[in-house]
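Enquirer: Quick one: this structure, given as structure tokens, is what I'll be asking you about.
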Amino acid sequence: MLTTFSEIEFDKLVDDVSACRKCARMEGCVRVLSWANGSIEAPLMFIGEAPGRLGADRTAIPFHGDKSGDNFEKLLDTAGISRKDIFVTNAVLCNPKDEKGNNSPPAKREIENCVDNLQRQIELIKPALVMTLGGVALEATRIIEHHDLTLRDSVRTSNKWNSRLLLPLYHPGARAMIHRSFHNQVSDYYFVGETLKRLGNKKRRASTSIRDDNSWNVVAKVLKIHGSISLFRLHKILYLIDNLAAARLGGPITRFFYIRQKDGPYCVDLGGRWYSRFPDSLEATKSAMPILTWRTRGLFDEEEHQVSDEALALIREVANQTEMLNEGQLKTKVYLTEPMKRYLKMEKQGFSSLNMRLL
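Heads up, the sequence shown is in UniProt numbering, so the first residue is 1 and it goes up one at a time.
In structure tokens form, the structure reads like this:
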């Protein structure tokens with residue numbers, strides 16, 4: 001059950017947003033605000049424009065599932081920022097579509113209608129740093145508390161605003177990359193990390209001490225050991241490894257962000273085009289549920305993707321426990337872990353745990 005005041009208030013905000021009917025053309029759209037947006041204790045908040053038709057409007061996870069989401073996750077990854085340490089939202093929480101059903105910029109009235117929701121999120125989460133992604137998000141923050149910042153003149157600057165720091169950044173979408181290259185945007189995200197580090201913020205989570213390349217080395221080791229594995233199984237096995245590490249070692253061995261979805265644990269980091277990390281080793285079938293096959297490269301495999309002895313022992317232990325299980329049995333196994341049992345108990349009492357964070 002929800003136990004803290006912040007958790008209760010956030011759940012109330014999610015309910016209020018779900019019930020909102022202020023914007024006529026948003027009727028029937030997904031309200032993209034849930035526990036999948038990130039940690040409500042996050043020191044970093046990123047604010048986009050609005051959910052994309054192929055991204056958050058489909059996945060209910062901000063900046064996830066489309067090209068903008070892929071770029072955003074790659075920028076975070078390159079700068080060493082984990083989704084565990086951030087909360088992601090939008091100036092407008094529903095997808096504004098044109099008459100053909102395509103993405104459309106939100107109208108001024110729609111931004112104004114949703115600004116109270118944005119202000120409530122900021123007040124509840126209390127981030128040390130707020131990053132606006134594009135002009136619409138920057139304009140929304142101006143409504144909450146006036147500032148004279150512009151995207152062109154203020155990009156990659158740290159500015160006092162609303163009892164915290166405001167850092168204007170460009171949107172990670174393909175069109176914005178014309179005005180600010182991916183290389184420059186990587187530097188912008190490094191600036192975010194450096195600014196937080198200089199603050200020495202107490203809200204920084206322990207996950208920032210785990211090297212991000214180690215997280216993907218864990219994925220590589222799992223793929224090597226299994227040889228061929230479905231994406232469904234990979235999500236569940238990585239969750240089991242990190243859950244076991246949390247119990248044995250006091251914390252997960254990756255920086256991945258796991259949420260509760262209808263089929264159990266879902267690793268948000270595996271939702272984008274992450275296959276490109278292993279171009280010479282990984283083959284993936286093009287299907288609704290891809291089968292991943294690792295191509296062994298002899299000595300090169302031994303030299304690459306190193307993990308600690310403790311991590312390797314956990315990976316092998318979970319592999320031994322799950323190798324004979326079919327997908328139904330594997331799903332049962334993850335449902336018997338403590339985080340999942342806790343949420344299942346909540347659901348029996350009438351609470352929804354969909355998209356809530358597991359690890």
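Cβ coordinates follow ideal geometry from the N, Cα and C atoms, glycine included.
Should ALA50 be flagged as near chain C, meaning a C-beta pair shorter than 7 Å?
Expert: Considering every chain present, this structure includes no chain C. It has just one protein chain.
Enquirer: Considering Cα atoms alone, identify which of ARG277, LEU124, HIS171 is closest to PRO51.
Expert: Looking up residue 51 in the sequence shown gives position 51. It is HIS171.
Enquirer: Exposed or buried, ALA206, counting other C-beta atoms within 10 Å across all chains shown (16 or more means buried)?
Expert: The count along the sequence shown starts at 1 and reaches residue 206 at position 206. With a pLDDT of 40 at ALA206, under the threshold of 50, the modelled position of that residue is not reliable, and the figure given next carries that caveat. Exposed is the call here.
Enquirer: Within 8 Å, do at least three Cβ pairs link the region 228-245 to the region 157-165?
Expert: Result no; under three Cβ-Cβ pairs closer than 8 Å.
Enquirer: Could you give the uninterrupted runs of the beta strand (DSSP E) lying entirely in the region 228-259, keeping only those of 3 residues or more?
Expert: 228-230
Enquirer: Using CA coordinates, which residue listed in LEU76, THR332, ARG83 is at the minimum distance from SER39?
Expert: To locate residue 39, count along the sequence shown from 1; it is residue 39. The shortest C-alpha separation from SER39 is found at ARG83.
Enquirer: What is the DSSP secondary structure of residue 388, counted as helix, strand or coil?
Expert: This structure gives no information on residue 388, because the portion of the chain shown stretches from 1 to 359.
Enquirer: If you draw a straight line from the C-alpha of ILE210 to the C-alpha of ALA174, how long is it?
Expert: The residue given as residue 210 occupies position 210 in the sequence shown. The residue given as residue 174 occupies position 174 in the sequence shown. Below a pLDDT of 50, predicted positions are generally treated as unreliable, and ILE210, at 44, falls in that range; no measurement from the model is reported.
Enquirer: With respect to the alpha helix (DSSP H) encompassing TYR343, which residues constitute its N-terminal and C-terminal limits?
Expert: Numbered from 1 along the sequence shown, position 343 holds the residue referred to as residue 343. Per DSSP, TYR343 is one residue of the alpha helix (DSSP H) stretching across 338-348.
Enquirer: Whose C-alpha, out of PRO106, GLU7, ALA42, PHE46, is nearest the C-alpha of residue 361?
Expert: In the structure as shown, the chain starts at 1 and stops at 359, and residue 361 therefore has no counterpart that could be examined.
Enquirer: Would you kindly report the start and end of the unbroken alpha helix (DSSP H) that includes ASN184?
Expert: Position 184 of the sequence shown, counted from the first residue, corresponds to residue 184. Where ASN184 is concerned, the enclosing alpha helix (DSSP H) stretches over 182-199.
Enquirer: State the Cα-Cα distance for the pair THR208 and LYS74, rounded to the nearest angstrom.
Expert: The residue you call residue 208 lines up with position 208 of the sequence shown. The residue you call residue 74 lines up with position 74 of the sequence shown. The predicted model places THR208 with a pLDDT of 41, which falls under 50 and marks its position as unreliable, so this point remains unresolved.
Enquirer: Along the chain, where does the beta strand (DSSP E) containing ALA284 start, and where does it finish?
Expert: In the sequence shown, residue 284 corresponds to position 284, counting from 1. 282-284 is the extent of the beta strand (DSSP E) around ALA284.
Enquirer: Where does PHE72 sit, in a helix, a strand or coil, going by DSSP?
Expert: Residue numbering aside, residue 72 sits at position 72 when the sequence shown is read from its first letter. Reduced to three states, the DSSP call for PHE72 is helix.
Enquirer: Give me, in chain order, the residues of the same chain whose beta-carbon lies closer than 7 Å to that of VAL186; leave out the 5 immediate sequence neighbours on both sides.
Expert: As a working mapping, residue 186 is identified with position 186 in the sequence shown. The residues are LEU75, THR78, ALA79.
Enquirer: Would you tell me roughly how many angstroms separate the C-alpha atoms of TRP35 and LEU354, rounded to the nearest one?
Expert: Locating residue 35 in the sequence shown gives position 35, where the first residue counts as 1. Locating residue 354 in the sequence shown gives position 354, where the first residue counts as 1. Near 8 Å, if we compare the C-alpha coordinates of LEU354 and TRP35.
Enquirer: Spatial neighbours of ALA176 within its chain, please: C-beta separation below 7 Å, excluding the five flanking residues on both sides.
Expert: Along the sequence shown, read from residue 1 onward, the residue named residue 176 stands at position 176. The beta carbon of ALA176 sits closer than 7 Å to the beta carbons of GLY134, TYR170 from its chain, once the five residues preceding and following it are set aside; these are given in chain order.
Enquirer: When you compare the CB positions of CYS94 and MET26, do they come within less than 7 Å of one another, or not?
Expert: On the sequence shown, residue 94 is found 94 positions in, with the first residue counted as 1. On the sequence shown, residue 26 is found 26 positions in, with the first residue counted as 1. A contact, by the Cβ cut-off of 7 Å.
Enquirer: Do you know offhand how far LEU149's Cα is from PRO279's?
Expert: Here residue 149 is taken as the residue at index 149 of the sequence shown, counted from 1. Here residue 279 is taken as the residue at index 279 of the sequence shown, counted from 1. LEU149 and PRO279: Cα-Cα distance of roughly 41 Å.
Enquirer: Note the first and the last residue of the continuous beta strand (DSSP E) segment covering MET45.
Expert: Counted from its first residue, the sequence shown places residue 45 at position 45. Here the beta strand (DSSP E) through MET45 covers 44-48.
Enquirer: Report the option in GLN306, ASP66, TYR335 whose CA atom is closest to the CA atom of LYS236.
Expert: Working through the sequence shown from its first residue, we reach residue 236 at position 236. Taking only the C-alpha atoms, the option nearest LYS236 is TYR335.
Enquirer: Report the start-end ranges of each beta strand (DSSP E) in the region 121-168 that is 3 residues or longer and not cut off at the edges.
Expert: Every beta strand (DSSP E) stretch that sits fully inside the region 121-168 and reaches 3 residues is listed by chain position as 129-133, 159-161.
Enquirer: Using the three-state DSSP reduction, which class does GLN306 fall into: helix, strand or coil?
Expert: If you number the sequence shown from 1, residue 306 lands on position 306. Judged by DSSP in its simplified three-state form, GLN306 adopts coil rather than helix or strand.
Enquirer: Whole angstroms are fine: how far does the CA of LEU124 sit from the CA of ILE8?
Expert: Sequence index remark: in the sequence shown, residue 8 carries index 8 (1-based). Sequence index remark: in the sequence shown, residue 124 carries index 124 (1-based). When rounded, the distance between both Cα atoms is 10 Å.
Enquirer: What is the DSSP secondary structure of ALA206, counted as helix, strand or coil?
Expert: Looking up residue 206 in the sequence shown gives position 206. Because ALA206 carries a pLDDT of 40, less than 50, the predicted location of this residue cannot be relied on, and no value is offered for it.
Enquirer: Would you call the region 13-21 and the region 57-74 touching, i.e. three or more CB-CB distances under 8 Å?
Expert: Short answer: they don't touch.
Enquirer: Give me, in chain order, the residues of the same chain whose beta-carbon lies closer than 7 Å to that of ASN90; leave out the 5 immediate sequence neighbours on both sides.
Expert: Here residue 90 corresponds to residue number 90 of the sequence shown, with the count starting at 1. Here the set comprises VAL32, ILE47, GLY48, GLU49, ALA50, PRO51, PRO62.
Enquirer: Which residue from LYS108, ARG277, ARG260 puts its Cα closest to that of MET346?
Expert: What you label residue 346 is simply residue 346 of the sequence shown in a count that begins at 1. Comparing Cα positions, the closest option is ARG260.
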